[in-house]
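Enquirer: Its first residue numbered 2, the sequence shown is counted upward by one per residue in UniProt numbering.
Note that beta-carbon positions come from the ideal geometry of N, C-alpha and C, so glycine has one too.
As the structure is a computational prediction, the values presented were derived from the model and not from experiment.
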Amino acid sequence: PKTAYVRTKPHLNIGTMGHVDHGKTTLTAAITKVLSERGAGTFVPFDRIDRTPEEALRGITINIAHVEYETETRHYAHVDMPGHADYVKNMVTGAAQLDGAILVVSALDGIMPQTAEHVLLARQVGVDHIVVALNKADAVVDGEDAELTDLVELEVRDLLSAHGYGGDAVPVVRVSGLRALEGDPRWTAAIEALLDAVDTYVPVPERYTDAPFLMPVENVLTITGRGTVVTGAVERGTVRVGDRVEVLGATVASKAGETVVTGLETFGKPMESAEAGDNVALLLRGMPRDAVRRGHVVAAPGSVVPSRRFTAQVYVLSAREGGRTTPVTSGYRPQFYIRTADVVGDIDLGETAVARPGDTVTVTVELGREVPLEPGLGFAIREGGRTVGAGTVTGIVA
Ligand code: GDP
Ligand code: MG
Numbered sequence: 002p003k004t005a006y007v008r009t010k011p012h013l014n015i016g017t018m019g020h021v022d023h024g025k026t027t028l029t030a031a032i033t034k035v036l037s038e039r040g041a042g043t044f045v046p047f048d049r050i051d052r053t054p055e056e057a058l059r060g061i062t063i064n065i066a067h068v069e070y071e072t073e074t075r076h077y078a079h080v081d082m083p084g085h086a087d088y089v090k091n092m093v094t095g096a097a098q099l100d101g102a103i104l105v106v107s108a109l110d111g112i113m114p115q116t117a118e119h120v121l122l123a124r125q126v127g128v129d130h131i132v133v134a135l136n137k138a139d140a141v142v143d144g145e146d147a148e149l150t151d152l153v154e155l156e157v158r159d160l161l162s163a164h165g166y167g168g169d170a171v172p173v174v175r176v177s178g179l180r181a182l183e184g185d186p187r188w189t190a191a192i193e194a195l196l197d198a199v200d201t202y203v204p205v206p207e208r209y210t211d212a213p214f215l216m217p218v219e220n221v222l223t224i225t226g227r228g229t230v231v232t233g234a235v236e237r238g239t240v241r242v243g244d245r246v247e248v249l250g251a252t253v254a255s256k257a258g259e260t261v262v263t264g265l266e267t268f269g270k271p272m273e274s275a276e277a278g279d280n281v282a283l284l285l286r287g288m289p290r291d292a293v294r295r296g297h298v299v300a301a302p303g304s305v306v307p308s309r310r311f312t313a314q315v316y317v318l319s320a321r322e323g324g325r326t327t328p329v330t331s332g333y334r335p336q337f338y339i340r341t342a343d344v345v346g347d348i349d350l351g352e353t354a355v356a357r358p359g360d361t362v363t364v365t366v367e368l369g370r371e372v373p374l375e376p377g378l379g380f381a382i383r384e385g386g387r388t389v390g391a392g393t394v395t396g397i398v399a
């Protein structure tokens, strides 16, 4: 039988972010290696992170890789994204629900466009704590190069300050994911220093465990002989085996309706109850595989009402931040990434009429289908595969 999950330490969700090829996946593998040698988790090699076990076994696409590990004081779920678009989809929409992030910056290359975009988007979606891994420090030789690294560090602190992260106080740790993965003691110690920085700098967030249960669906799997399983991060509340839940977010006509949670697991370990912040798989009684999809929400019955119209405060990304070069006008119809949902919507700018890149505007949105919405909920706006805006729901329009 599988060993049950025992909650002995606070659980936090963190993730790597940063420009492509700066070493996010290598660092993720290195962290699991260093901790596994301390007996605090399982080593997940590089190629298992870029291609998750579920993906390999089930042949489905999961553009998000979760690994788990423990430090002395915490249990972490750590997400690593294969590409920039996946980052936007999963982290920016809040699907990954990061309590903190490790910003990976190559000491050789410094700040690159995605470094800046990830910091901006992290801020927009409420990731309050960032720790910097100045990676590839092994490739920096003494002398002139070392001075360049100091310069990169200053640049990163400035970038963080510019986005309200208090760059002077942010821990910046020089690491080499690659050398740590190879077992080099100097760089193994650097990974330990990075984890200490995460342990101390990223606080345990307040969890709304008493609120009605809500979990955005990230993936749906079928386990032969057992039924339909949905996975995701619990946004709020608590759920126990035997609880009634409702699946929402489909059109009213195809509403999946109520069911009962008949099983709960986290990282392959059964658990009796899951709470806000946990990454879990829920087995749903009698739920047809095609009745539930990524983007739906599993919630305590009656606790949420899906809607199509809402008002929002939207920041239109500037061209420099990777956004549009031309203004947005009413009738603009981009994609909205709300929690795990990806929905088309019409933007009405009202009297503002025109929103230029770099502007913050109040808008009314009409979505192509209903999704559970509430004031305070963050979302990203995408067009042709890139992020062009980030916003927050301010009200629901009946
Ligand atoms: P990602 O796109 O940010 O996930 O980057 P990867 O982890 O895939 O690494 C990109 C490339 O940088 C690979 O060729 C790695 O071997 C290399 N790399 C990653 N970390 C380090 C490091 O600490 N030092 C050096 N020298 N190379 C590294
Ligand atoms: Mg990667």
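So, are the CB atoms of Gly233 and Phe311 less than 8 Å apart?
Expert: Here residue 233 corresponds to residue number 232 of the sequence shown, with the count starting at 1. Here residue 311 corresponds to residue number 310 of the sequence shown, with the count starting at 1. No.
Enquirer: Looking at the strands, I want to know which residues DSSP matches up with Arg387.
Expert: Counting from one through the sequence shown, the residue named residue 387 turns up at place 386. Answer is Glu384, bridged to Arg387.
Enquirer: Quick check on the DSSP output: the beta strand (DSSP E) that includes Glu322 runs from which residue to which?
Expert: For the purposes of this step, residue 322 is identified with residue 321 of the sequence shown, where counting begins at 1. No beta strand (DSSP E) holds Glu322; DSSP gives it neither H nor E.
Enquirer: Based on Cα-Cα distance, which residue from Thr361, Val262, Gly19 and Val231 lies nearest to Thr290?
Expert: Translated into the one-based positions of the sequence shown, residue 290 becomes position 289. Note that residue 290 is Arg in the sequence shown here, rather than Thr. The residue with the shortest Cα to Cα distance from Arg290 is Val231.
Enquirer: Consider the C-beta atom of residue 408 and the heavy atoms of ligand 2; say whether any pair is separated by less than 7 Å.
Expert: The question about residue 408 has no answer, for the chain in this structure spans 2 to 399.
Enquirer: Considering only DSSP beta bridges, list what Gly16 is partnered with.
Expert: Here residue 16 refers to the residue found at position 15 of the sequence shown. Answer is Val80 and Ala102.
Enquirer: Three or more beta-carbon pairs under 8 Å between the region 116-123 and the region 148-155, yes or no?
Expert: Verdict: no, contact absent.
Enquirer: In this structure, how does DSSP classify Leu374 when only helix, strand and coil are distinguished?
Expert: Stepping through the sequence shown from its first residue, residue 374 is reached at position 373. Leu374: coil per DSSP, three-state reduction.
Enquirer: Which residue from Arg124, Ala181 and Asp211 puts its Cα closest to that of Thr393?
Expert: Locating residue 393 in the sequence shown gives position 392, counting from the first residue. When only C-alpha atoms are compared, the closest one is Arg124.
Enquirer: Rounded to whole angstroms, what is the Cα-Cα separation between Gly165 and Asp197?
Expert: Taking the first residue of the sequence shown as position 1, residue 165 is located at position 164. Taking the first residue of the sequence shown as position 1, residue 197 is located at position 196. In a straight line, the C-alpha of Gly165 is about 23 Å away from that of Asp197.
Enquirer: Within the continuous alpha helix (DSSP H) that includes Val199, where are the two ends?
Expert: Residue numbering aside, residue 199 sits at position 198 when the sequence shown is read from its first letter. Residues Pro186 to Tyr202.
Enquirer: Going by DSSP in three states, Leu215 sits in which element: helix, strand or coil?
Expert: The sequence position of residue 215 within the sequence shown is 214, counting from 1. It is a strand residue.
Enquirer: In the DSSP assignment, the beta strand (DSSP E) including Leu249 goes from what residue to what residue?
Expert: Numbered from its first residue, the sequence shown carries residue 249 at position 248. Arg245 to Leu249 is the extent of the beta strand (DSSP E) around Leu249.
Enquirer: Give the straight-line distance between the Cα atoms of Asn136 and Ala194, rounded to the nearest whole angstrom.
Expert: The sequence position of residue 136 within the sequence shown is 135, counting from 1. The sequence position of residue 194 within the sequence shown is 193, counting from 1. Computed Cα separation, rounded: 13 Å.
Enquirer: Count the other C-beta atoms from every protein chain shown that fall within 10 angstroms of the C-beta of Thr229, then say buried if there are 16 or more, exposed otherwise.
Expert: By 1-based counting over the sequence shown, the position of residue 229 is 228. The residue is buried, with at least 16 neighbouring Cβ atoms inside 10 Å.
Enquirer: Answer yes if the region 274-288 comes into contact with the region 348-362, meaning at least three C-beta pairs across the two stretches below 8 Å, and no otherwise.
Expert: Contact between the region 348-362 and the region 274-288 is absent, because fewer than three Cβ pairs lie under 8 Å.
Enquirer: Going by the CB atoms, is the gap between Val345 and Gly390 shorter than 8 Å?
Expert: The residue given as residue 390 occupies position 389 in the sequence shown. The residue given as residue 345 occupies position 344 in the sequence shown. Taking 8 Å as the Cβ cut-off, Gly390 and Val345 do not qualify as a contacting pair.
Enquirer: Ala342: buried (16+ other C-beta within 10 angstroms of its C-beta) or exposed?
Expert: Taking the first residue of the sequence shown as position 1, residue 342 is located at position 341. It counts as buried.
Enquirer: Counting only beta-carbon separations shorter than 8 Å, does His164 have a partner in chain C?
Expert: This model lacks chain C altogether; it includes just one protein chain.
Enquirer: Return yes when the C-beta of Asp81 is under 7 Å from any heavy atom of ligand 3, and no when it is not.
Expert: Looking for ligand 3 in the displayed structure turns up nothing; the ligands present are ligand 1 and ligand 2.
Enquirer: With DSSP run on the structure shown, which of helix, strand or coil describes Ala123?
Expert: Position 122 of the sequence shown, counting from 1, holds the residue named residue 123. Residue state, collapsed to three classes: helix.
Enquirer: Three-state secondary structure (DSSP) at Ala300?
Expert: Counting from 1 along the sequence shown, the entry for residue 300 is found at position 299. In the structure shown, Ala300 sits in a strand (DSSP, three-state: E or B).
Enquirer: Can we count His67 as close to ligand 1, meaning its CB is less than 7 Å from some heavy atom?
Expert: Position 66 of the sequence shown, counting from 1, holds the residue named residue 67. No, Cβ of His67 sits at least 7 Å from all heavy atoms of ligand 1.
Enquirer: Between Val262 and Gly40, what straight-line distance do the alpha-carbon atoms span, to the nearest angstrom?
Expert: Looking up residue 262 in the sequence shown gives position 261. Looking up residue 40 in the sequence shown gives position 39. Each residue's Cα considered, the two are about 33 Å apart.
Enquirer: In the DSSP output, what is Arg241 paired with across the bridge?
Expert: Locating residue 241 in the sequence shown gives position 240, where the first residue counts as 1. In the DSSP output, where bridge partners are listed per residue, Arg241 has Ser274.
Enquirer: Cα separation between Ile63 and Glu219?
Expert: Start at 1 with the first residue of the sequence shown, and residue 63 comes out as number 62. Start at 1 with the first residue of the sequence shown, and residue 219 comes out as number 218. The predicted position of Ile63 is uncertain, since its pLDDT is 43 and thus under 50; no value can be drawn from it.
Enquirer: Could you tell me the boundaries of the beta strand (DSSP E) in which Ser308 lies?
Expert: Residue numbering aside, residue 308 sits at position 307 when the sequence shown is read from its first letter. Taken as a continuous stretch (DSSP letters only), the beta strand (DSSP E) holding Ser308 covers Pro307 to Val317.
Enquirer: Output the distance between the C-alpha atoms of residue 402 and Asp81, rounded to the nearest integer angstrom.
Expert: Since the first and last residues shown for the chain are 2 and 399, residue 402 lies out of range.
Enquirer: Label Glu371 either buried or exposed according to how many other C-beta atoms from any shown protein chain fall within 10 Å of its C-beta, with 16 as the threshold for buried.
Expert: For this step, residue 371 is matched to residue 370 along the sequence shown. Glu371 should be labelled buried.
Enquirer: Look at the alpha carbon of Val246 and the alpha carbon of Gly386, and state the distance between them as a whole number of angstroms.
Expert: As a position in the sequence shown, residue 246 is number 245, starting the count at 1. As a position in the sequence shown, residue 386 is number 385, starting the count at 1. Spanning the two alpha carbons is a distance of roughly 34 Å.
Enquirer: Which value, in whole angstroms, describes the spacing of the CA atoms of Val132 and His20?
Expert: Locating residue 132 in the sequence shown gives position 131, where the first residue counts as 1. Locating residue 20 in the sequence shown gives position 19, where the first residue counts as 1. Approximately 15 Å between the Cα atoms of the pair.
Enquirer: Flag Ala140 as yes when its Cβ comes closer than 7 Å to any non-hydrogen atom of ligand 1, and as no otherwise.
Expert: In the sequence shown, the residue the question calls residue 140 occupies position 139. Indeed, a heavy atom of ligand 1 lies less than 7 Å from the Cβ.
Enquirer: Going by DSSP, which residues form a beta bridge with Glu73?
Expert: Indexing the sequence shown from 1 puts residue 73 at position 72. Its beta-bridge partners do not exist; DSSP assigns none.
Enquirer: Is it the case that the Cβ atoms of Val142 and Leu109 are separated by a distance below 8 Å?
Expert: Translated into positions along the sequence shown, residue 142 becomes position 141. Translated into positions along the sequence shown, residue 109 becomes position 108. Going by C-beta atoms, Val142 is not nearer than 8 Å to Leu109.
Enquirer: What does DSSP give as the partner residue(s) for Ala138 in the beta ladder?
Expert: Position 137 of the sequence shown, counted from the first residue, corresponds to residue 138. Paired residues: none, contrary to the question.
Enquirer: Near Val35, which residues of its chain fall below 7 Å by C-beta distance, leaving aside the five closest residues on each side in sequence?
Expert: Walking along the sequence shown from the start, residue 35 turns up at place 34. Only Ala181, Thr189, Ile192 and Glu193 meet the Cβ criterion.
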